[in-house]
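Protein chains in written order, with numbering that gives the first Met the number 0: chain A, 0 to 323; chain B, 0 to 267.
Have a look at the structure below, then the notes.
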Amino acid sequence: MALLDIRNLDLTIARGSELLPVVQGVSLAVEENETLGIVGESGCGKSLTALAVMGLLEGSAARIAGGSIHFQGRNLLALSPEERRRVMGDQMAMIFQEPMTSLNPVYRVGDQIKEAVLQHRSMSGRQAHDRALELLELVRIPDPARRIDSFPHQMSGGQRQRVMIAMALACDPKLLIADEPTTALDVTVQKEVLELVRSLQARTGMSIVLISHDLGVISETCDKVAVMYRGRIVEQASTSTLFSNMSHPYTLGLLGSIPATDHDVEWLDAIPGRVPTLDEAVPGCAFHPRCFAARGSCRTADPDAAAVSPAHIVRCHFPQGSSS
Amino acid sequence: MTRPLLEVRELRTHFSIGRSGFMRRKSVLRAVDGVSFSIHEGEVLSLVGESGCGKSTVGRTLTHLETATTGSAVFDGRDILSLSPAEFRPLRRDIQMIFQDPFASLNPRLSIEQKLAEPLFIHRLVRDRSEARERIAATLELVGMDAESMSRFPHEFSGGQRQRIGIARVMILTPRLVIADEPVSALDVSIQAQVLNLLKRLQRDSGVSMLFISHDLGAVRHISDRIAVMYRGTLVETGEKRQIFETPRHAYTRRLLASIPRLEKRIA
């Protein structure tokens, strides 16, 4: 049984009297100790999917319109808000792109970590303090005994993200959802934070959902990858299968868009056009107006998700590559 | 070798910070602390480094958005840092800047036509409105936009289209030096590629010189001829693109390159 099992998740946003689909038929599974990457451009629905898992959609305009989310065999969507809160932050936790907006600027970081611990564990203030210290050590904050009394603004961006990770790990979650955790960080700091996350996973055996727009970060960190475009998963496979046998023209386009750092390319294989806005209806496959392989049926029929090889799922009428 | 178009020598831009309070020591932030480089006609030099290294301050100082503390920047035979605002004004046409979000600081009530016509009239490059419209239409086409977009307003465009318009606003003046400060970092990956290709093509076709300021090593490799690596206010290494990427000499350059997440190679 998968730790996290999302089936046919539909999310909608109300625009006037209309309900616009923002996530459609998303199915994902995360096993124990596994890292799943979700990659896509802004507005593709990757963050909303994560918020739905965490039960944090109230803060957004999106609502669940269908599907199920099972965590450790329990359907999260059937839980009462009280039961849901007990799972959130305890067995699953989330970190975000900009830690400064998640940390309270007027409280010391140690007190914020303690609060996260005491939310779900009954222990004395002394014990919670020791736990906070232990967590700061775990995320490799230098001189934790002193830094525990620091305020967020006294720390660098990388250190603040480490504090966020410490808070997320406060109750030894089974699942960590990381939404663009290193996007705001410098590349050298990003490397340190990703290494930290990997080593913490090796130590705790937790599962990770890593959301990123950066195929490089995904490639280095994840066991398997789901590529999202306009609310749908268009390709899903193990990381090695995906990178050795990309089949969806959008995934190929994303890869072609990234300027290489190890060789020179005259021109980038950019994807033409732009992502349609939510209220622009696209008949057929949502990607066809930008797709180099689009023909006849792409303009009229939305393709189904199909396996091009075992555990390699592509939503395309004309998947590319040898496996088609 | 011919004389460079721009020659920056020992540029220092310092800011005083933390002045407030009685007996509080005034401290100095050395954002740019002794930077020298040159850019030749038709050449693209990238200034690459991490946040806070001072790379944007270099660009802002060269366009008089910040005041240089010491140093010189000889552009076409004149030290532009020693010019008064009035003396520098006519040079603004020759030295243009592209920002991360060109619309962040501009009036949202102006149509694209008004926005693009403004600099044409300021620099007296056109005689009347119809001549301006002709030139605007041609420039919009150059950056891959319909001439009809002229009558529309900034909010009607996506991020990528806005940056195209921002680039049109710069290229319409036929500048000699373009300073592009993180021009693609706010854009989605697929749109970044379009805009990088566009900048590269426009640079080649027009022969304009460019100072490309970025933290993105891939973008830098794609567009530059030469690269200057900046760290804490100084340049640690300057060299040809291939030399920097293939045989980096400075430890910081090596650390930067080693930090790039590796993309698994696609087996064709």
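For each residue, glycine too, the CB sits at the ideal point set by N, CA and C.
Everything numeric in this text was worked out from a predicted model, so none of it was measured.
Checking contacts by CB at 8 Å: is residue i closer than that to chain B?
i                      : result
residue 76 of chain A  : no
residue 210 of chain A : no
residue 259 of chain A : yes
residue 270 of chain A : yes
residue 273 of chain A : yes
residue 313 of chain A : no
residue 14 of chain A  : no
Strictly by DSSP, which residues pair up with residue i?
i                      : result
residue 74 of chain A  : A:69
residue 14 of chain B  : B:28
residue 308 of chain A : A:311
residue 46 of chain B  : B:212 and B:227
Are any of the Cβ atoms in chain A nearer than 8 Å to that of residue i?
i                      : result
residue 191 of chain B : yes
residue 157 of chain B : yes
residue 187 of chain B : yes
residue 221 of chain B : yes
residue 106 of chain B : no
residue 80 of chain B  : no
residue 141 of chain B : no
Per DSSP, what kind of secondary structure is residue i in: helix, strand or coil?
i                      : result
residue 142 of chain B : coil
residue 135 of chain B : helix
residue 74 of chain B  : strand
residue 152 of chain B : coil
residue 223 of chain A : strand
residue 106 of chain A : coil
residue 26 of chain A  : strand
residue 244 of chain B : helix
residue 9 of chain B   : strand
residue 244 of chain A : coil
residue 36 of chain B  : strand
residue 265 of chain B : With a pLDDT of only 42 at residue 265 of chain B, under the threshold of 50, the placement of this residue in the model should not be trusted; the figure read from the coordinates follows. Residue 265 of chain B falls in the coil class under three-state DSSP.
residue 173 of chain B : coil
residue 147 of chain B : helix
Anything in chain B within Cβ reach of residue i, meaning under 7 Å, just list it in chain order.
i                      : result
residue 306 of chain A : Within chain B, no residue comes near residue 306 of chain A; the closest Cβ sits about 20 Å away, beyond 7 Å.
residue 190 of chain A : 258
Find the residues of chain A that neighbour residue i, judging by a C-beta separation of less than 7 Å, and give them in chain order.
i                      : result
residue 218 of chain B : 258
residue 195 of chain B : 258 and 267
Going along chain A in order, which residues have a C-beta closer than 9 Å to the C-beta of residue i?
i                      : result
residue 212 of chain B : What residue 212 of chain B touches in chain A: nothing, since even the nearest Cβ is about 15 Å away.
residue 228 of chain B : Here the premise fails: no neighbours, minimum Cβ distance about 12 Å.
residue 102 of chain B : Near residue 102 of chain B there are no residues of chain A at all, since even the closest Cβ is about 16 Å away, more than 9 Å.
Using a cut-off of 7 Å between C-beta atoms, extract the partners of residue i located in chain E.
i                      : result
residue 187 of chain A : Judged by its chain identifiers, the structure shown contains no chain E, and its protein chains are A and B.
Between the C-alpha atoms of residue i and residue j, what's the straight-line distance to the nearest angstrom?
i                      : j                      : result
residue 31 of chain A  : residue 238 of chain A : 17 Å
residue 249 of chain A : residue 194 of chain B : 18 Å
residue 136 of chain A : residue 165 of chain A : 9 Å
residue 216 of chain A : residue 215 of chain B : 14 Å
residue 11 of chain A  : residue 196 of chain B : 35 Å
residue 198 of chain B : residue 55 of chain B  : 19 Å
residue 283 of chain A : residue 301 of chain A : 4 Å
residue 150 of chain A : residue 111 of chain B : 45 Å
residue 80 of chain B  : residue 100 of chain B : 26 Å
residue 207 of chain B : residue 122 of chain B : 19 Å
residue 142 of chain B : residue 75 of chain B  : 28 Å
residue 139 of chain B : residue 148 of chain B : 8 Å
residue 258 of chain A : residue 45 of chain B  : 15 Å
residue 169 of chain A : residue 294 of chain A : 52 Å
residue 292 of chain A : residue 317 of chain A : 7 Å
residue 78 of chain A  : residue 221 of chain A : 30 Å
residue 171 of chain B : residue 127 of chain B : 15 Å
residue 67 of chain A  : residue 107 of chain A : 38 Å
residue 308 of chain A : residue 234 of chain A : 12 Å
residue 145 of chain A : residue 154 of chain B : 48 Å
Closer than 8 Å by beta-carbon distance: list the chain A residues that pair up with residue i, in chain order.
i                      : result
residue 269 of chain B : There is no way to answer for residue 269 of chain B, as the model of chain B reaches only from 0 to 267.
residue 244 of chain B : 260 and 261
residue 249 of chain B : Within chain A, no residue comes near residue 249 of chain B; the closest Cβ sits about 14 Å away, beyond 8 Å.
List the residues of chain B whose Cβ lies closer than 8 Å to the Cβ of residue i, in chain order.
i                      : result
residue 252 of chain A : 189
residue 41 of chain A  : 187
Using a cut-off of 9 Å between C-beta atoms, extract the partners of residue i located in chain B.
i                      : result
residue 226 of chain A : Those within 9 Å of residue 226 of chain A in chain B number zero; the least Cβ separation is about 12 Å.
residue 264 of chain A : 220 and 221
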